[in-house]
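*Asks:* Handing you a structure now.
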Amino acid sequence: MTNTKTICVCGAGTMGSGIAQVAAQAGFQTIQFDLNPEMVAKSKQSINAGLAKLVEKGRLTADEQAGIMNRILFTTDAKECKADMIIEAIIEKKEAKISLFQELAAINNSETILATNTSSIAVTEIAEALPNPERVVGMHFFNPAPLMKLVEIISTHKSSATTIEQTMAVTKQMQKTPVLCKDAPGFIVNRVARHFYLEAMRFVEKEQAVVEDIDQLMEASGFKMGPFKLMDLIGMDINYSVSNIVWEALGKPSRLTPSSVQREKVEAGELGRKTGKGFYSY
Ligand SMILES: NC(=O)c1ccc[n+]([C@@H]2O[C@H](COP(=O)([O-])OP(=O)(O)OC[C@H]3O[C@@H](n4cnc5c(N)ncnc54)[C@H](O)[C@@H]3O)[C@@H](O)[C@H]2O)c1
């Protein structure tokens with residue numbers, strides 16, 4: 009059982025919007041916060057559309073859809089971010105995450121759980137920069153959050169047993185499968201999967217194979233999505249940033265060197281589905 013009643017999700021992008029939907033669907037009073045009003049409006053629209061699809065499929069009633077939407081407060085005002093648990097899914101920059109948590113720690117009580125959805129930043133470094141580091145935890149959802157079952161729960165040497173228990177209980181109430189993992193570069197999935205992306209891009213870099221063929225072959229061999237389609241879904245900037253952080257954190261081994269193909273995409277603003285162009289056009 010969880011004592012958590014209210015969840016504030018910071019960041020209304022790809023992940024934040026999905027996590028806010030999951031939280032509200034699981035019955036939590038939810039606050040969806042982003043500094044950018046356009047992103048807040050987009051999140052409201054996309055959550056409503058996601059729920060409407062479930063109504064069409066007969067998995068929700070129209071009343072339930074309305075109830076879930078009513079449980080979410082959409083805001084651009086950080087002062088409204090008061091909750092039992094805060095899950096941040098803002099840009100993948102350590103300083104930004106720390107500064108947001110510091111601001112929110114000042115207006116919340118000392119037991120409010122501060123959960124980061126970072127893909128690659130050391131949760132320990134975030135915890136150490138905050139008051140009451142025992143309530144800081146990693147809560148790593150996968151994309152798209154409403155569909156993907158797995159959530160990595162990352163503990164630091166400072167995380168309290170209560171924080172971990174509560175976070176596991178919240179994750180289960182969200183109908184997700186929590187997997188506990190100690191703080192380590194890339195956690196489990198992003199570390200192991202790095203080669204899936206990097207080796208595929210090496211083929212393209214050396215002009216030994218093309219994007220479409222590699223995706224098709226990987227899908228034929230059993231993967232749900234080929235590496236290039238998946239990078240477009242994740243967001244090129246996010247995936248490139250994870251590659252850099254994991255590579256640096258492990259002492260820059262050559263096997264994990266980030267790809268120039270991906271760097272060029274990021275520099276060109278071709279970030280994948282969210283910008284309409286990545287390895288594919290949308
Ligand atoms: N994209 C993925 O597949 C994926 C998967 C797991 C985890 N993550 C992690 O989730 C986080 C968000 O990724 P995303 O893909 O949703 O990014 P995104 O670019 O889609 O969204 C980020 C949002 O954060 C907002 N933002 C930036 N600074 C803010 C601040 N200080 N306060 C409030 N809002 C702020 C932006 O306006 C934007 O709407 C990152 O830490 C990323 O590593 C991403």
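The sequence shown begins at 9 in the working numbering and counts up by one. Built from N, CA and C at the ideal position, the CB exists for glycine as well. Fair warning: this is a prediction, and the values are worked out from it, not measured in the lab.
1. Just confirm the distance between the C-beta atoms of residue 54 and residue 82, as a whole number of angstroms; I'd bet it's less than 8 Å.
2. Go to residue 187, then tell me how far its beta strand (DSSP E) extends in each direction, as first and last residue.
3. Which whole runs of the alpha helix (DSSP H) in the region 30 to 88 are 4 residues long or more, in chain order?
4. Return the residue from the list 198, 105, 90 that minimises the CA-CA distance to residue 19.
5. Which parts of the region 160 to 231 are runs of the alpha helix (DSSP H), unbroken and 4 residues or longer, counting only runs that do not cross its ends?
6. How about residue 86 and residue 21: are their beta carbons less than 9 Å apart?
7. Please report how far the alpha carbon of residue 116 lies from the alpha carbon of residue 43, in whole angstroms.
8. According to DSSP, what are the bridge partners of residue 124?
9. Rounded to whole angstroms, what is the Cα-Cα separation between residue 72 and residue 80?
10. Consult DSSP for residue 237 and reduce its assignment to one of helix, strand or coil.
11. Tell me the residue span of the beta strand (DSSP E) that contains residue 14.
12. Using DSSP bridges, identify the partner residues of residue 158.
13. Does DSSP put residue 280 in a helix, in a strand, or in coil?
14. Return yes when the Cβ of residue 251 is within less than 9 Å of the Cβ of residue 206, no when it is not.
15. Let me make sure I understand the geometry here. Which of 143, 180, 141 has the alpha-carbon closest to that of residue 149?
16. Take residue 158 as the anchor and find which of 198, 13, 141, 249 has the nearest alpha-carbon.
17. Cβ-heavy atom distance between residue 282 and ligand 1 below 8 Å?
*Replies:* Taking the structure as given:
1. In the sequence shown, residue 54 corresponds to position 46, counting from 1. In the sequence shown, residue 82 corresponds to position 74, counting from 1. In fact, because the Cβ distance is near 12 Å, the residues do not count as touching under 8 Å.
2. Position 179 of the sequence shown, counted from the start, is the residue given in the question as residue 187. First-last of the beta strand (DSSP E) with residue 187: 185 to 190.
3. 45 to 64, 70 to 78
4. Looking up residue 19 in the sequence shown gives position 11. Distance check between residue 19 and each of 198, 105, 90 places 105 closest, using alpha-carbon atoms only.
5. Within the region 160 to 231, the alpha helix (DSSP H) runs of at least 4 residues that lie entirely inside it are, in chain order, 169 to 181, 197 to 213, 219 to 228.
6. For the purposes of this step, residue 86 is identified with residue 78 of the sequence shown, where counting begins at 1. For the purposes of this step, residue 21 is identified with residue 13 of the sequence shown, where counting begins at 1. Cβ atoms of residue 86 and residue 21: not closer than 9 Å.
7. Indexing the sequence shown from 1 puts residue 116 at position 108. Indexing the sequence shown from 1 puts residue 43 at position 35. The alpha-carbon atoms of residue 116 and residue 43 are separated by roughly 19 Å.
8. Sequence index remark: in the sequence shown, residue 124 carries index 116 (1-based). Paired residues: 96, 146.
9. Mapped onto the sequence shown, residue 72 falls at position 64. Mapped onto the sequence shown, residue 80 falls at position 72. Those two C-alpha atoms are separated by around 13 Å.
10. If you number the sequence shown from 1, residue 237 lands on position 229. Helix, per DSSP.
11. The residue labelled residue 14 in the question sits at position 6 within the sequence shown. Here the beta strand (DSSP E) through residue 14 covers 14 to 18.
12. By one-based count along the sequence shown, residue 158 stands at place 150. Its beta-bridge partners are 185.
13. Along the sequence shown, read from residue 1 onward, the residue named residue 280 stands at position 272. The answer is strand: DSSP assigns residue 280 an E or B state.
14. Here residue 206 corresponds to residue number 198 of the sequence shown, with the count starting at 1. Here residue 251 corresponds to residue number 243 of the sequence shown, with the count starting at 1. Taking 9 Å as the Cβ cut-off, residue 206 and residue 251 qualify as a contacting pair.
15. Walking along the sequence shown from the start, residue 149 turns up at place 141. It is 180 whose Cα lies nearest to the Cα of residue 149.
16. For this step, residue 158 is matched to residue 150 along the sequence shown. Checked all of 198, 13, 141, 249; the closest Cα to residue 158 is 198.
17. Counted from its first residue, the sequence shown places residue 282 at position 274. The answer is yes for residue 282.
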